[in-house]
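Undergrad:
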Ligand code: MN
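Below, the structure is given as structure tokens:
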């Protein structure tokens with residue numbers, strides 16, 4: 011067991027929910043528990059009023075975890091809003107885009123889950139399928155509900171990708187709680203995982219300098235190979251921290 015001071019600090023973003031007219035942060039504990047179990051120290055951050063302050067946070071931490079929640083505002087990728095897009099948070103979009111761009115600039119290890127993979131793709135210039143049932147003929151049910159740990163569809167993993175190296179398998183069954191997904195993958199990213207219906211379920215940077223993984227499923231709710239996503243996030247953060255010349 012390492013010293014507490016060796017444990018990487020991981021920024022964990024969080025959704026906003028309005029309840030009875032009150033704006034609240036509402037983050038599933040599974041995210042922070044997964045970071046903690048992997049040896050990281052989770053730090054939950056809210057949407058900032060000034061996204062530039064969020065970006066400054068990145069120089070003081072070791073890793074970034076983008077979590078699930080609201081739809082990204084389609085205006086961020088230049089499209090009118092589909093009728094099914096109801097919950098958006100301008101401050102959260104702005105905060106997370108600032109975090110992503112700063113993490114990329116500084117090479118901060120990043121794991122992006124569900125909304126996170128979508129936000130990552132949009133932040134770097136990609137677009138989204140706004141509503142899979144309405145816009146993707148022949149789509150599987152990507153939001154069947156039920157047990158959050160239930161593995162409901164397969165994904166194929168691109169051989170040779172970082173994702174394949176982390177998971178150690180060319181395919182796995184995953185859980186699925188989403189109605190959106192990456193459509194046009196940003197030029198700085200490449201797709202690394204697909205559901206059987208062709209929906210993109212994984213992306214990562216084309217360049218080697220930035221360790222980042224985006225997945226459309228929820229590994230924080232799963233065991234087995236999926237725990238390696240958090241293990242590698244914390245391990246890359248620890249390695250980077252041990253090399254001050256690169257920070
Ligand atoms: Mn899915």
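Numbering (the working numbering), first residue to last: 11 to 257.
In this text, a Cβ means the ideal position worked out from N, Cα and C, and glycines have one as well.
Note that the structure is predicted; figures quoted are calculated from it, not measured.
1. If contacts are defined as beta-carbon pairs under 8 Å, then residue 138 and residue 193 qualify, I think. What distance do you get, rounded to the angstrom?
2. Thinking residue 72 and residue 238 are a contact (beta carbons under 8 Å), I'd like their distance in whole angstroms, please.
3. Report the residue ranges of all alpha helix (DSSP H) runs contained in full by the stretch 129-197; include only those spanning at least 4 residues, in chain order.
4. Buried or exposed: where does residue 59 fall if 16 or more other Cβ atoms within 10 Å of its Cβ makes it buried?
5. Should residue 82 go down as buried or exposed, given a rule of 16 or more other Cβ atoms within 10 Å for buried?
6. With 16 other CB atoms within 10 Å as the buried threshold, where does residue 257 fall?
7. When DSSP builds the beta bridges, which residues end up paired with residue 52?
8. Residue 134 to residue 52, Cα distance in whole Å?
9. As a quick check of your reading: which residues have a C-beta less than 5 Å from at least one non-hydrogen atom of ligand 1, in chain order?
10. Got a sec, what are the start and stop residues for the beta strand (DSSP E) residue 243 sits in?
11. Residue 122 and residue 209 look like a contact to me (Cβ under 8 Å); what is the Cβ gap, rounded to whole Å?
12. Within its chain, find whatever has a CB closer than 7 Å to the CB of residue 181; leave out the 5 residues flanking it on each side and keep chain order.
TA: Short version:
1. Within the chain shown, the letter at position 128 stands for residue 138. Within the chain shown, the letter at position 183 stands for residue 193. The pair is a contact, with the Cβ atoms about 5 Å apart (cut-off 8 Å).
2. By one-based count along the chain shown, residue 72 stands at place 62. By one-based count along the chain shown, residue 238 stands at place 228. Contact flag wrong, Cβ pair sits at about 18 Å.
3. 142-145, 172-177
4. Within the chain shown, the letter at position 49 stands for residue 59. The residue is exposed, with fewer than 16 neighbouring Cβ atoms inside 10 Å.
5. Residue 82 sits at position 72 when you count from the first residue of the chain shown. So residue 82 ends up on the buried side.
6. Your numbering for residue 257 matches position 247 in the chain shown. Because the pLDDT of residue 257 is 47, which lies under 50, any placement of that residue in the model is unreliable, and the number read from its coordinates should be weighed accordingly. That one is exposed.
7. Against the chain shown, residue 52 aligns to sequence position 42. Residue 52 pairs with 20.
8. Taking the chain shown and counting its residues from 1, the one referred to as residue 134 is at position 124. Taking the chain shown and counting its residues from 1, the one referred to as residue 52 is at position 42. About 25 Å.
9. 152, 186
10. The residue given as residue 243 occupies position 233 in the chain shown. Not the beta strand (DSSP E): residue 243 falls in the alpha helix (DSSP H), residues 237-251.
11. To locate residue 122, count along the chain shown from 1; it is residue 112. To locate residue 209, count along the chain shown from 1; it is residue 199. With 8 Å as the limit, residue 122 and residue 209 do not qualify as a contact, their Cβ atoms being about 16 Å apart.
12. Within the chain shown, numbered from 1, the residue matching residue 181 stands at position 171. Taken in chain order, the residues that qualify are 164, 165, 166, 167.
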